[in-house]
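Visitor: Starting off with a structure, shown below.
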Amino acid sequence: MSHDDRTDGGTVRTSTNNRIFRTEDQTPYVESTIIMTTVRVIVPFILTLGLFVMFHGADSAGGGFQGGVIAGTVVLLLAFAFGIEPVRDWLDAARLLGLVTAGLLTFLFVGFGGLVFGGSFLQYTAYPISHASKYGIELVELGIGAVVAGIITGLFFLLAAGFDTNEPLEDDQ
(Lines of atoms letter the chains of each structure in order from A and count residues from 1; the text may use other names and numbers.)
(Lines give C-alpha, C1' and ligand atoms only; values in the text may rest on other atoms or scores of the structure.)
Protein backbone atom coordinates (compact mmCIF):
# COMPACT_ATOMS: atom_id res chain seq x y z
CA MET A 1 0.00 0.00 0.00
CA SER A 2 1.26 3.46 -0.84
CA HIS A 3 0.73 6.39 1.50
CA ASP A 4 -0.16 9.99 0.62
CA ASP A 5 -0.97 13.01 2.80
CA ARG A 6 -3.76 15.06 1.28
CA THR A 7 -4.28 18.78 1.72
CA ASP A 8 -7.85 18.29 2.93
CA GLY A 9 -6.60 17.01 6.28
CA GLY A 10 -7.21 13.34 5.61
CA THR A 11 -4.65 10.65 5.04
CA VAL A 12 -5.40 8.46 2.07
CA ARG A 13 -4.02 5.02 1.41
CA THR A 14 -4.14 3.48 -2.03
CA SER A 15 -3.94 -0.27 -2.43
CA THR A 16 -2.57 -2.04 -5.48
CA ASN A 17 -6.06 -2.31 -7.00
CA ASN A 18 -6.59 1.50 -6.80
CA ARG A 19 -9.20 1.41 -4.05
CA ILE A 20 -9.00 4.52 -1.91
CA PHE A 21 -9.70 4.37 1.80
CA ARG A 22 -9.89 7.11 4.43
CA THR A 23 -7.88 6.39 7.56
CA GLU A 24 -9.34 9.10 9.79
CA ASP A 25 -12.75 9.53 11.37
CA GLN A 26 -14.37 10.14 7.99
CA THR A 27 -16.38 7.44 6.29
CA PRO A 28 -14.08 5.48 3.96
CA TYR A 29 -14.59 5.66 0.24
CA VAL A 30 -14.80 2.22 -1.30
CA GLU A 31 -15.09 1.69 -5.03
CA SER A 32 -18.21 -0.16 -6.10
CA THR A 33 -18.44 -1.45 -9.63
CA ILE A 34 -22.23 -1.54 -9.40
CA ILE A 35 -22.54 2.08 -8.25
CA MET A 36 -19.95 3.34 -10.75
CA THR A 37 -21.65 1.54 -13.65
CA THR A 38 -25.10 2.71 -12.58
CA VAL A 39 -23.92 6.32 -12.36
CA ARG A 40 -22.28 6.07 -15.78
CA VAL A 41 -25.59 4.88 -17.23
CA ILE A 42 -28.00 7.31 -15.52
CA VAL A 43 -25.94 10.53 -15.56
CA PRO A 44 -26.70 11.36 -19.23
CA PHE A 45 -30.42 10.88 -18.59
CA ILE A 46 -30.38 13.07 -15.47
CA LEU A 47 -28.47 15.80 -17.31
CA THR A 48 -30.99 15.57 -20.16
CA LEU A 49 -33.83 15.86 -17.64
CA GLY A 50 -32.18 18.96 -16.15
CA LEU A 51 -31.91 20.58 -19.57
CA PHE A 52 -35.50 19.58 -20.37
CA VAL A 53 -36.76 21.22 -17.18
CA MET A 54 -34.69 24.35 -17.94
CA PHE A 55 -35.96 24.71 -21.50
CA HIS A 56 -39.59 23.95 -20.72
CA GLY A 57 -39.85 26.34 -17.79
CA ALA A 58 -41.65 28.93 -19.89
CA ASP A 59 -44.33 26.50 -21.05
CA SER A 60 -44.78 24.16 -18.08
CA ALA A 61 -43.63 23.57 -14.52
CA GLY A 62 -39.92 24.00 -14.05
CA GLY A 63 -37.39 26.53 -15.12
CA GLY A 64 -33.80 27.57 -14.68
CA PHE A 65 -33.60 27.05 -10.94
CA GLN A 66 -35.15 23.59 -10.92
CA GLY A 67 -33.19 22.47 -13.97
CA GLY A 68 -29.97 23.86 -12.53
CA VAL A 69 -30.45 21.89 -9.32
CA ILE A 70 -31.10 18.71 -11.31
CA ALA A 71 -27.99 19.35 -13.44
CA GLY A 72 -25.97 20.08 -10.28
CA THR A 73 -26.93 16.71 -8.82
CA VAL A 74 -25.07 15.07 -11.69
CA VAL A 75 -21.81 16.27 -10.14
CA LEU A 76 -22.90 14.99 -6.73
CA LEU A 77 -23.62 11.56 -8.20
CA LEU A 78 -20.23 11.50 -9.91
CA ALA A 79 -18.53 12.49 -6.65
CA PHE A 80 -20.33 9.79 -4.66
CA ALA A 81 -19.51 7.14 -7.26
CA PHE A 82 -15.92 8.03 -8.15
CA GLY A 83 -14.76 9.96 -5.08
CA ILE A 84 -15.01 13.60 -4.17
CA GLU A 85 -11.34 14.43 -4.68
CA PRO A 86 -11.06 13.16 -8.29
CA VAL A 87 -14.25 15.00 -9.26
CA ARG A 88 -13.07 18.15 -7.45
CA ASP A 89 -9.75 17.94 -9.30
CA TRP A 90 -11.58 17.56 -12.62
CA LEU A 91 -14.13 20.29 -11.92
CA ASP A 92 -11.98 22.85 -10.14
CA ALA A 93 -12.98 26.29 -8.87
CA ALA A 94 -11.98 28.01 -12.12
CA ARG A 95 -14.37 25.86 -14.16
CA LEU A 96 -17.21 26.40 -11.69
CA LEU A 97 -16.56 30.13 -11.74
CA GLY A 98 -16.60 30.01 -15.54
CA LEU A 99 -19.97 28.23 -15.50
CA VAL A 100 -21.49 30.74 -13.09
CA THR A 101 -20.00 33.67 -15.02
CA ALA A 102 -21.28 32.34 -18.36
CA GLY A 103 -24.76 31.96 -16.91
CA LEU A 104 -24.72 35.45 -15.43
CA LEU A 105 -23.43 37.00 -18.66
CA THR A 106 -26.08 35.16 -20.68
CA PHE A 107 -28.79 36.60 -18.45
CA LEU A 108 -27.31 40.11 -18.61
CA PHE A 109 -26.78 40.08 -22.39
CA VAL A 110 -30.36 38.99 -23.00
CA GLY A 111 -31.65 41.50 -20.47
CA PHE A 112 -29.68 44.48 -21.70
CA GLY A 113 -30.26 43.50 -25.33
CA GLY A 114 -33.79 44.77 -24.95
CA LEU A 115 -32.38 48.18 -23.98
CA VAL A 116 -30.07 48.20 -26.99
CA PHE A 117 -33.02 47.67 -29.33
CA GLY A 118 -35.11 50.42 -27.76
CA GLY A 119 -37.11 48.41 -25.24
CA SER A 120 -36.72 47.90 -21.53
CA PHE A 121 -34.68 45.37 -19.54
CA LEU A 122 -35.71 41.80 -20.48
CA GLN A 123 -38.21 43.03 -23.06
CA TYR A 124 -37.87 40.26 -25.60
CA THR A 125 -40.26 41.80 -28.11
CA ALA A 126 -37.72 44.58 -28.73
CA TYR A 127 -35.45 42.13 -30.56
CA PRO A 128 -35.86 42.33 -34.35
CA ILE A 129 -36.30 38.56 -34.83
CA SER A 130 -39.36 36.35 -34.97
CA HIS A 131 -40.20 34.38 -31.82
CA ALA A 132 -37.86 36.61 -29.81
CA SER A 133 -39.82 36.00 -26.60
CA LYS A 134 -39.41 32.25 -26.92
CA TYR A 135 -35.67 32.41 -27.57
CA GLY A 136 -35.10 35.09 -24.96
CA ILE A 137 -36.88 33.14 -22.24
CA GLU A 138 -34.98 29.97 -23.13
CA LEU A 139 -31.63 31.77 -22.95
CA VAL A 140 -32.53 33.37 -19.62
CA GLU A 141 -33.58 29.97 -18.22
CA LEU A 142 -30.33 28.43 -19.47
CA GLY A 143 -28.31 31.21 -17.84
CA ILE A 144 -30.13 30.82 -14.53
CA GLY A 145 -29.63 27.05 -14.71
CA ALA A 146 -25.89 27.45 -15.26
CA VAL A 147 -25.59 29.79 -12.27
CA VAL A 148 -27.59 27.48 -10.00
CA ALA A 149 -25.72 24.33 -11.10
CA GLY A 150 -22.37 26.03 -10.51
CA ILE A 151 -23.35 27.32 -7.08
CA ILE A 152 -24.89 24.00 -5.97
CA THR A 153 -21.73 22.17 -7.05
CA GLY A 154 -19.46 24.71 -5.36
CA LEU A 155 -21.44 24.49 -2.12
CA PHE A 156 -21.22 20.70 -2.22
CA PHE A 157 -17.43 20.81 -2.60
CA LEU A 158 -17.19 23.41 0.16
CA LEU A 159 -19.24 21.28 2.55
CA ALA A 160 -17.40 18.10 1.54
CA ALA A 161 -14.05 19.70 2.39
CA GLY A 162 -15.17 20.26 5.97
CA PHE A 163 -13.50 22.81 8.15
CA ASP A 164 -10.22 22.96 10.02
CA THR A 165 -10.83 22.30 13.71
CA ASN A 166 -7.37 23.67 14.55
CA GLU A 167 -8.16 27.10 13.10
CA PRO A 168 -9.24 29.56 15.82
CA LEU A 169 -12.70 31.06 15.62
CA GLU A 170 -13.22 34.82 15.46
CA ASP A 171 -14.30 34.84 19.12
CA ASP A 172 -11.09 33.07 20.20
CA GLN A 173 -8.72 35.69 18.77
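Here the sequence shown stands for residues -9 to 163, numbered as in my numbering. Heads up, the beta-carbon is just placed ideally off N, CA and C, and yes, glycines get one too.
Assuming I142 is part of the alpha helix (DSSP H), what are its boundary residues?
Guide: A122 to A151
Visitor: Taking only runs of the alpha helix (DSSP H) that begin and end inside the region 48 to 112, which ones reach a length of at least 4 residues, in chain order?
Guide: 54 to 72, 74 to 80 and 83 to 106
Visitor: DSSP three-state label for V20, please.
Guide: Coil.
Visitor: Thinking C-beta only, is I127 closer than 8 Å to A61?
Guide: no
Visitor: Determine, using beta carbons only, whether G135 and G73 come nearer to each other than 8 Å.
Guide: Against a cut-off of 8 Å, the Cβ pair of G73 and G135 comes out as no contact.
Visitor: Would the region 82 to 92 and the region 131 to 146 be scored as touching if the rule is three or more Cβ pairs under 8 Å?
Guide: The region 82 to 92 vs the region 131 to 146: in contact.
Visitor: Could you tell me the distance, in whole angstroms, from the CA atom of F42 to the CA atom of A122?
Guide: 20 Å
Visitor: Would you be able to state if there are at least three C-beta pairs under 8 Å between the region 28 to 46 and the region 104 to 113?
Guide: no
Visitor: Would you identify the three-state DSSP class for P118, choosing helix, strand or coil?
Guide: coil
Visitor: Excluding the 5 residues flanking G57 on each side, which residues of the same chain have their C-beta closer than 6 Å to its C-beta?
Guide: G40, V43, M44 and G135
Visitor: With a threshold of 16 other CB atoms inside 10 Å of the CB of F102, please say whether the residue is buried or exposed.
Guide: Its Cβ having fewer than 16 others within 10 Å, F102 is exposed.
Visitor: Tell me which residues share the same chain as L105 and place their Cβ nearer than 7 Å to its Cβ, disregarding the 5 neighbours each side in the sequence.
Guide: F111
Visitor: If you draw a straight line from the C-alpha of G133 to the C-alpha of R85, how long is it?
Guide: Taking the straight line joining both Cα atoms gives about 15 Å.
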